[in-house]
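**Q** Have a look at the structure that comes next, please.
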Amino acid sequence: MTTSHLADRASDEPDVDLQPLRFTVNGTLETLEVESRRTLAEVLREELGLTGTHLGCEHGVCGACTVIVDGDAARACLLLAVQVEGASIETIESLADGDDLHPIQEAMREHHGFQCAFCAPGFLMTLKALLDVEPAPTRDQLREELSGNLCRCTGYASILDGACAAVRAIQAGTNNA
Amino acid sequence: MKMRGFQYHRPSTLDDALALLGEHGDEAKVLAGGQSLVPMMAMRLSSPGQLIDIGAVAGHDAVTEADGDVIIAARVRHATMEASEIVRSAAPLVSAAAPFIGHRAIRNRGTVCGSIAHADPAAELPAVALALDARVVLQSAKDRRVVDAADFFLGYLSTAIADGELLTEVRFPTRAKRSGWSVQEVSRRHGDFALVGTAVQIDLNGSGAVARAGIALFGVGSTPVRIAAAEALLVGHRPTAASWAEAAATVAREVDPLEDNHATSAYRRHVAGVLTRRALEQASARAKAKVKP
Chain X
2 MTTSHLADRA
12 SDEPDVDLQP
22 LRFTVNGTLE
32 TLEVESRRTL
42 AEVLREELGL
52 TGTHLGCEHG
62 VCGACTVIVD
72 GDAARACLLL
82 AVQVEGASIE
92 TIESLADGDD
102 LHPIQEAMRE
112 HHGFQCAFCA
122 PGFLMTLKAL
132 LDVEPAPTRD
142 QLREELSGNL
152 CRCTGYASIL
162 DGACAAVRAI
172 QAGTNNA
Chain P
3 MKMRGFQYHR
13 PSTLDDALAL
23 LGEHGDEAKV
33 LAGGQSLVPM
43 MAMRLSSPGQ
53 LIDIGAVAGH
63 DAVTEADGDV
73 IIAARVRHAT
83 MEASEIVRSA
93 APLVSAAAPF
103 IGHRAIRNRG
113 TVCGSIAHAD
123 PAAELPAVAL
133 ALDARVVLQS
143 AKDRRVVDAA
153 DFFLGYLSTA
163 IADGELLTEV
173 RFPTRAKRSG
183 WSVQEVSRRH
193 GDFALVGTAV
203 QIDLNGSGAV
213 ARAGIALFGV
223 GSTPVRIAAA
233 EALLVGHRPT
243 AASWAEAAAT
253 VAREVDPLED
263 NHATSAYRRH
273 VAGVLTRRAL
283 EQASARAKAK
293 VKP
């Protein structure tokens with residue numbers, strides 16, 4: 002049995018294309034050199050050590066890798082890192098303040114919103130992006146907006162309860178402020 | 003999944019992008035939002051040698067209205083289109099397709115022109131372009147041409163875009179005063195590509211008869227398809243339950259859907275008819291109500 006076809010495929014790979022990249026992650030300006038074919042998710046995890054962004058399907062279906070790019074939720078597996086040149090990224094690591102959970106995280110915890118929690122970073126960042134622009138969504142709106150995130154434990158009812166509680170908590174906090 | 007390496011380009015003007023496209027020919031692929039291209043590259047279904055990212059190109063990111071068209075430029079994202087008052091009032095069939103396109107996070111990055119250039123036969127916007135007799139503008143370093151949607155979709159993921167050309171805008175005709183529209187689809191999960199779908203618009207004349215009908219199906223073949231025989235049944239008559247049932251039956255007869263592991267051909271054919279009937283019912287109600295969406 003020959004393995005020459007494997008060697009051929011390896012030699013078929015083009016030269017490594019390194020590109021400069023400057024972007025802001027959770028408020029910190031990062032200056033890197035990255036291979037152009039690497040996704041934002043890979044660079045966040047492997048270059049910056051921000052492993053809170055989870056990679057599930059790696060082709061845009063599961064939503065686990067959702068981060069916020071210039072205010073909008075986006076799939077970090079469907080973006081090349083070089084595409085976010087100059088952008089501002091928020092990841093799950095930006096939510097809690099030390100040991101103090103963000104109100105969204107606190108509400109999810111109270112409602113047992115996560116079981117294995119592999120999907121949690123994606124759900125939380127999707128919800129964060131939504132509540133930043135739409136602070137009072139209805140339960141139906143939340144159901145629609147979270148429909149692009151998959152939970153393989155199928156804990157959707159608890160997640161939706163947690164999301165509704167997060168809306169109430171944030172509104173109560175705003176009213177008290 | 004690790005994509006094959008490529009040479010990355012990030013031009014800051016359209017002219018630079020077109021020059022790069024001209025230089026690299028069929029080696030090059032244009033990256034706009036990347037919501038279809040990046041996963042295809044990750045799965046190595048597409049491995050371009052040169053990737054030309056138009057994300058930093060100045061301008062070309064607005065929806066405008068001119069010469070009887072709603073013009074959507076190359077960098078307009080689905081989310082921008084979805085929120086556009088111009089699109090909602092003047093090309094409401096395009097707006098109606100938006101909620102079916104992936105999910106919010108996909109619509110935040112993916113572009114309208116990119117979806118049309120990608121030409122997935124199960125995607126909504128190519129069918130909408132076909133139903134509305136939209137036109138696409140193809141620009142190269144040397145030339146600019148306008149292609150009718152009817153001549154644009156050539157086969158599976160295959161279009162009239164030639165090497166060196168960039169799809170710089172899509173022009174959807176502004177709707178008639180008395181018109182109605184509808185997008186209907188069946189998919190395995192919300193946000194998935196459709197198993198079958200239809201995009202319909204009908205225009206009524208002063209006496210309430212159908213002046214123009216556009217019925218396009220998606221998910222039933224290698225390209226979106228117009229069903230002219232069904233449209234012809236409607237034109238010249240007031241839309242009634244009997245007429246849209248007849249048109250729906252014609253659609254079910256005319257389509258020749260593929261069979262795959264998601265659905266049989268017979269199922270898709272049946273659903274194509276049902277969705278067409280529902281779409282015509284909703285479009286007729288909208289046209290008669292003359293209400294804004």
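Chains X and P, in that order, give the protein sequences.
The first sequence lines up with residues 2 to 178 when you count with the working numbering.
The second sequence lines up with residues 3 to 295 when you count with the working numbering.
Don't be surprised by glycine CBs; every beta carbon is placed ideally from N, CA and C.
(1) Should Met5 (chain P) be flagged as near chain X, meaning a C-beta pair shorter than 7 Å?
(2) Please classify Glu14 (chain X) as buried or exposed, where buried requires at least 16 neighbouring CB atoms within 10 angstroms.
(3) One question on the structure: do Ala82 (chain X) and Leu22 (chain X) come within less than 7 Å of each other, judged by their Cβ atoms?
(4) Please name the residue, chosen from P:Arg109, P:Glu84, P:Phe155 and P:Arg111, that lies closest to Pro123 (chain P) on a Cα-to-Cα basis.
(5) So, with DSSP's three-state summary, where would you put Gly157 (chain P)?
(6) Check whether chain X comes within 7 Å of Val188 (chain P), counting only Cβ atoms and requiring the distance to be less than that.
(7) Does the beta-carbon of Ser97 (chain P) have 16 or more other beta-carbons within 10 angstroms, so that it is buried, or is it exposed?
(8) Classify Tyr10 (chain P): buried if its beta carbon has 16 or more other beta carbons within 10 angstroms, exposed otherwise.
(9) Tell me which residues of the stretch 27-39 of chain P have at least one Cβ-Cβ distance to chain X shorter than 8 Å, keeping chain order.
(10) Determine the extent of the alpha helix (DSSP H) in which Thr278 (chain P) is found, giving its start and end residues.
(11) Determine the direct distance from the alpha carbon of Arg12 (chain P) to that of Gln284 (chain P), and round the result to whole angstroms.
(12) Assuming Ser142 (chain P) and Leu33 (chain P) make a contact with CB atoms under 8 Å, what is their CB distance in whole Å?
(13) Give me whichever residues DSSP pairs with Leu169 (chain P) in a beta bridge.
(14) Quick one: give me the first and last residue of the alpha helix (DSSP H) that Asp133 (chain X) is part of.
(15) Give the interface partners of Asn110 (chain P) over in chain X, defined as CB-CB distance under 7 Å, in chain order.
(16) Can you say whether Glu2 (chain P) is buried or exposed, counting buried as having 16 or more other CB atoms within 10 angstroms of its CB?
(17) Between His113 (chain X) and Pro122 (chain X), what straight-line distance do the alpha-carbon atoms span, to the nearest angstrom?
(18) So, is the C-beta of Arg23 (chain X) closer than 7 Å to a C-beta in chain P?
(19) Which word fits Leu51 (chain X), buried or exposed, when buried means at least 16 other C-beta atoms lie within 10 angstroms of its C-beta?
(20) Work out the CA separation of Leu151 (chain X) and Arg144 (chain X) for me, nearest whole Å.
(21) In chain order, what residues of the same chain lie with their CB nearer than 8 Å to the CB of Thr25 (chain X), ignoring the 5 residues before and after it?
(22) If you measure between the beta carbons of Thr170 (chain P) and Ala92 (chain P), is that distance less than 7 Å?
(23) Is it the case that the Cβ atoms of Ile56 (chain P) and Ala19 (chain P) are separated by a distance below 7 Å?
(24) Hey, is Tyr269 (chain P)'s beta-carbon within less than 7 Å of any beta-carbon in chain X?
(25) Would a C-beta distance cut-off of 7 Å place Pro94 (chain P) and Trp183 (chain P) closer than the cut-off?
(26) Closer than 8 Å by beta-carbon distance: list the chain P residues that pair up with His60 (chain X), in chain order.
(27) If you draw a straight line from the C-alpha of Val70 (chain X) to the C-alpha of Val85 (chain X), how long is it?
(28) Would you mind sorting Asn263 (chain P) into buried or exposed? The rule is 16 or more other CB atoms within 10 Å of its CB.
(29) Of the choices X:Ala75, X:Cys120, X:Leu128 and X:Lys129, whose alpha-carbon is the least far from that of Cys154 (chain X)?
(30) When the cut-off is 7 Å and only beta carbons count, does Gly238 (chain P) lie next to chain X?
**A** Based on what the coordinates show:
(1) Stepping through the second sequence from its first residue, residue 5 (chain P) is reached at position 3. Yes, Met5 (chain P) counts as interfacial toward chain X.
(2) Sequence index remark: in the first sequence, residue 14 (chain X) carries index 13 (1-based). When all chains shown are included, Glu14 (chain X) counts as exposed.
(3) Translated into positions along the first sequence, residue 82 (chain X) becomes position 81. Translated into positions along the first sequence, residue 22 (chain X) becomes position 21. Contact flag set, yes.
(4) Reading the second sequence from its first residue, position 121 is the one you call residue 123 (chain P). The option with the nearest alpha carbon to Pro123 (chain P) is P:Phe155.
(5) Numbered from its first residue, the second sequence carries residue 157 (chain P) at position 155. Gly157 (chain P): strand per DSSP, three-state reduction.
(6) Position 186 of the second sequence, counted from the start, is the residue given in the question as residue 188 (chain P). Chain X contact via Cβ: absent.
(7) Within the second sequence, residue 97 (chain P) is the residue found at index 95, counting from 1. The residue is buried, with at least 16 neighbouring Cβ atoms inside 10 Å.
(8) Position 8 of the second sequence, counting from 1, holds the residue named residue 10 (chain P). It counts as buried.
(9) Leu33, Gly36 and Gln37
(10) In the second sequence, the residue the question calls residue 278 (chain P) occupies position 276. Here the alpha helix (DSSP H) through Thr278 (chain P) covers Ser267 to Ala291.
(11) Counted from its first residue, the second sequence places residue 284 (chain P) at position 282. Counted from its first residue, the second sequence places residue 12 (chain P) at position 10. C-alpha separation (whole angstroms): 44 Å.
(12) Here residue 142 (chain P) refers to the residue found at position 140 when the second sequence is read from its first residue. Here residue 33 (chain P) refers to the residue found at position 31 when the second sequence is read from its first residue. 18 Å between Cβ atoms; not a contact.
(13) To locate residue 169 (chain P), count along the second sequence from 1; it is residue 167. Note: Leu169 (chain P) sits in a beta bridge opposite P:Leu140.
(14) Working through the first sequence from its first residue, we reach residue 133 (chain X) at position 132. From DSSP, the alpha helix (DSSP H) with Asp133 (chain X) extends over Ala121 to Val134.
(15) By 1-based counting over the second sequence, the position of residue 110 (chain P) is 108. The contacting residues are Asp73, Ala74 and Ala75.
(16) This structure cannot speak to residue 2 (chain P), because chain P is shown only from 3 to 295.
(17) Looking up residue 113 (chain X) in the first sequence gives position 112. Looking up residue 122 (chain X) in the first sequence gives position 121. When rounded, the distance between both Cα atoms is 15 Å.
(18) In the first sequence, counting from the first residue as 1, residue 23 (chain X) sits at position 22. Cβ-Cβ to chain P under 7 Å: no for Arg23 (chain X).
(19) Within the first sequence, numbered from 1, the residue matching residue 51 (chain X) stands at position 50. By the neighbour-count rule (16 or more Cβ atoms within 10 Å), Leu51 (chain X) is buried.
(20) Counting from 1 along the first sequence, the entry for residue 144 (chain X) is found at position 143. Counting from 1 along the first sequence, the entry for residue 151 (chain X) is found at position 150. One C-alpha to the other measures close to 12 Å.
(21) The residue given as residue 25 (chain X) occupies position 24 in the first sequence. Same-chain partners within the cutoff: Glu31, Ala88, Ser89 and Ile90.
(22) As a first step, residue 170 (chain P) is located in the second sequence; it is residue number 168 there, counting from the start. As a first step, residue 92 (chain P) is located in the second sequence; it is residue number 90 there, counting from the start. The answer is no: Cβ separation not under 7 Å.
(23) As a position in the second sequence, residue 56 (chain P) is number 54, starting the count at 1. As a position in the second sequence, residue 19 (chain P) is number 17, starting the count at 1. Yes, the Cβ-Cβ distance between Ile56 (chain P) and Ala19 (chain P) is below 7 Å.
(24) Stepping through the second sequence from its first residue, residue 269 (chain P) is reached at position 267. Tyr269 (chain P) does not count as touching chain X.
(25) For the purposes of this step, residue 94 (chain P) is taken as residue 92 along the second sequence, with counting starting at 1. For the purposes of this step, residue 183 (chain P) is taken as residue 181 along the second sequence, with counting starting at 1. Yes, Cβ-Cβ distance for Pro94 (chain P) and Trp183 (chain P) is below 7 Å.
(26) Start at 1 with the first residue of the first sequence, and residue 60 (chain X) comes out as number 59. The answer, in chain order, is Met3, Pro41, Ala44 and Met45.
(27) Translated into the one-based positions of the first sequence, residue 70 (chain X) becomes position 69. Translated into the one-based positions of the first sequence, residue 85 (chain X) becomes position 84. Using only the alpha carbons, I get a separation of about 8 Å.
(28) On the second sequence, position 261 is the one that residue 263 (chain P) refers to. Burial call: exposed.
(29) Translated into the one-based positions of the first sequence, residue 154 (chain X) becomes position 153. Here the closest residue by C-alpha is X:Cys120.
(30) Numbered from its first residue, the second sequence carries residue 238 (chain P) at position 236. For Gly238 (chain P), the answer is no, since every Cβ of chain X falls outside 7 Å of its Cβ.
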